[in-house]
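Numbering follows our numbering, in which position 55 of the sequence shown is assigned residue number 406; successive positions increment by one, without gaps. What follows is a set of notes on a single structure, which appears directly below.
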Amino acid sequence: MRIPQPTAPGPTAARRYRTLALAAAALLAGCAAYEAAEAPSPAIPAMPYSVKEGALSLGADPHVEAERQEAVFSADFASLSIVPVYVVVGNSGSRPVRIGPEQFTLALPGSEATAPRPGSEVALMFPPERGVAHYATSGVSILGGLAGPIGALAGRVAGMLGGLMLSRRDSEAAEGRRDDYARKELPTVQLERGQFARGFLFFVLPRGTPAFDEALLTFSPPAETAVPALQLTLKGLHVEELPASSRPSPFH
352 MRIPQPTAPG
362 PTAARRYRTL
372 ALAAAALLAG
382 CAAYEAAEAP
392 SPAIPAMPYS
402 VKEGALSLGA
412 DPHVEAERQE
422 AVFSADFASL
432 SIVPVYVVVG
442 NSGSRPVRIG
452 PEQFTLALPG
462 SEATAPRPGS
472 EVALMFPPER
482 GVAHYATSGV
492 SILGGLAGPI
502 GALAGRVAGM
512 LGGLMLSRRD
522 SEAAEGRRDD
532 YARKELPTVQ
542 LERGQFARGF
552 LFFVLPRGTP
562 AFDEALLTFS
572 PPAETAVPAL
582 QLTLKGLHVE
592 ELPASSRPSP
602 FH
């Protein structure tokens, strides 16, 4: 009795193997990148909120809308009760003034003031992006589900590539997010006359914080400037209450 021997795939099948394997690799490679976007930086008088005291001026623009957060941070901060506020500080005086995030607080009605958190720390509050592993795994499943041995081979190839790539891609995406958030936060600088400091303040509110529409942003200049605290009442925020239980990842 002759035992049938396996036959090599024909040219058409071989081309399909290569095509599907390349498609799997492209799918895996294209899901993980973190894309950073820049926030508009208008002049202080053109910002939604602004105030001037002595030689110092302050402008603020709270980014509470989901579409703006997605555009600038590729995230929905509301899911973790994070309020990002873009600020610009200007110095028109003859003496340099030190500016830093620690000089700012955000107070909600009936609650204590909250200090901002570092951008790199805020980035670490989030789990890895769902898109990296989820969509790559979905792509492997789709390819593996194609008809016959072609689909099986494509699925195996994609699986091997995925195993090698996903952990590295996750790490690269997380590192890119940390670097971007740190770069976008308000820096600690010495402002000379005519200079401006620009960047985000990340206010992380406690879980269970009730919904609110207004918040008081306070900037306390160094004592040697003899300038009183600059305050802005941020209105129309429409921030919803965050339940004490955790929610899914805010990243898409």
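Note that the Cβ used here is the ideal one computed from N, Cα and C, for glycine as well.
First through last residue of the beta strand (DSSP E) which encompasses residue i
i: Q420; result: Here Q420 belongs to no beta strand (DSSP E); instead the alpha helix (DSSP H) covers A417 to F424.
i: Y437; result: I433 to N442
i: E453; result: Element bounds for E453: n/a, residue is neither H nor E.
i: S445; result: No beta strand (DSSP E) holds S445; DSSP gives it neither H nor E.
i: D412; result: L407 to P413
i: F428; result: No beta strand (DSSP E) contains F428, which DSSP labels as neither H nor E.
i: A566; result: A566 to F570
i: L585; result: L581 to L585
i: V540; result: V540 to L542
i: Y400; result: Y400 to E404
i: R558; result: R558 -> no beta strand (DSSP E), and no H or E assigned at all.
Cutoff 6 Å; reference residue i; Cβ partners in own chain excluding five residues on either side
i: Y385; result: A524, G527 and R528
i: E591; result: A562
i: A464; result: T456 and A458
i: S392; result: R549
i: A466; result: T456
i: V540; result: I450 and A548
8 Å contact criterion, which residue i and residue j should meet: CB distance rounded
i: F563; j: P460; result: 6 Å
i: L542; j: V448; result: 5 Å
i: R544; j: S462; result: Going by Cβ atoms, the distance from R544 to S462 rounds to 37 Å, so no, they are not a contact pair.
Alpha helix (DSSP H) segment containing residue i, residue limits
i: G470; result: G470 to A474
Pick from the options that is closest to residue i, judged by C-alpha positions
i: M476; options: E463, D427, T456 and V436; result: D427
i: V578; options: E536, E418, S443 and A464; result: S443
i: Y400; options: P413, G470 and L552; result: P413
i: E404; options: L588, A394 and Q582; result: Q582
i: T576; options: P469, I450 and G470; result: I450
i: A422; options: A394, E453, P452 and A388; result: A388
i: F553; options: G587, V540 and P435; result: P435
i: L588; options: A429, I395, S392 and A574; result: A429
i: P573; options: A474, P452, K586 and S471; result: P452
i: M398; options: R468, V440 and A580; result: V440
i: Q420; options: E472, A390 and P396; result: A390
i: P469; options: V540, E536 and I395; result: E536
Contacting residues, own chain, Cβ-Cβ under 7 Å from residue i (five flanking each side not counted)
i: T584; result: E565 and L567
i: Q546; result: N442
i: P538; result: A548 and G550
i: A417; result: D427 and A429
i: A580; result: T569, F570 and S571
i: P396; result: none
i: S471; result: R529, Y532 and A533
Residues near residue i by beta carbon distance below 8 Å, same chain, minus five either side
i: S432; result: V555, L556, P557, R558, T560, V590 and L593
i: I493; result: Its pLDDT being 48, under 50, I493 is placed unreliably in this model, and the value from its coordinates should be taken loosely. Result list for I493: empty, nothing under 8 Å.
i: K586; result: D564 and E565
i: V473; result: I433, Y532, F553 and V555
Under 8 Å, with one C-beta from each stretch per pair, do the region 532-540 and the region 406-418 reach the 3-pair mark?
The region 532-540 vs the region 406-418: no contact.
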